[in-house]
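Visitor: Quick one: the structure is below, and I'll ask about it shortly.
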Amino acid sequence: MVVMALFFNSFLVMIKYSLRKRYDGAGEAVTDVFALFMEHGLMILTPEIITTLLVGGVVGGLVTEMFGRRFT
Numbered sequence: 002m003v004v005m006a007l008f009f010n011s012f013l014v015m016i017k018y019s020l021r022k023r024y025d026g027a028g029e030a031v032t033d034v035f036a037l038f039m040e041h042g043l044m045i046l047t048p049e050i051i052t053t054l055l056v057g058g059v060v061g062g063l064v065t066e067m068f069g070r071r072f073t
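Numbering (this note's numbering), first residue to last: 2 to 73.
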């Protein structure tokens, strides 16, 4: 899910940049989506964010398992 969020965020930033006439052509804009994806991906590679994602995933899985056992 994080990968999809990064991709969509990069895509929206590319749209914003293209409306400001930052790119010379469509190919440059599409290529920049992947550069923005990598740039934003490196920004979220901090211990706090990775820990939050891991702990949130575990807690979400445990809560889902608990409700699955209770209501089936």
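Cβ atoms here follow ideal geometry from the backbone N, Cα and C, with glycine treated the same way.
According to DSSP, is Leu46 part of a helix, a strand, or is it coil?
Guide: It is coil, neither helix nor strand.
Visitor: I'd like the list of long-range same chain contacts for Ser19, defined as Cβ closer than 8 angstroms, with 5 residues on each side in sequence excluded.
Guide: Ala30, listed in sequence order.
Visitor: Return the chain-ordered list of same chain residues with a C-beta closer than 7 angstroms to the C-beta of Val34, the five sequence neighbours on each side being excluded.
Guide: So the list reads Ser11, Phe12, Met15, once near-sequence residues are dropped.
Visitor: Please classify Leu37 as buried or exposed, where buried requires at least 16 other C-beta atoms within 10 Å of its C-beta.
Guide: Flag for Leu37 reads buried.
Visitor: With Phe9 as the anchor, note down where its alpha helix (DSSP H) starts and where it stops.
Guide: Note, Phe9: alpha helix (DSSP H), 3-20.
Visitor: Is the separation between the beta-carbon of Val4 and that of Leu54 shorter than 9 angstroms?
Guide: Against a cut-off of 9 angstroms, the Cβ pair of Leu54 and Val4 comes out as no contact.
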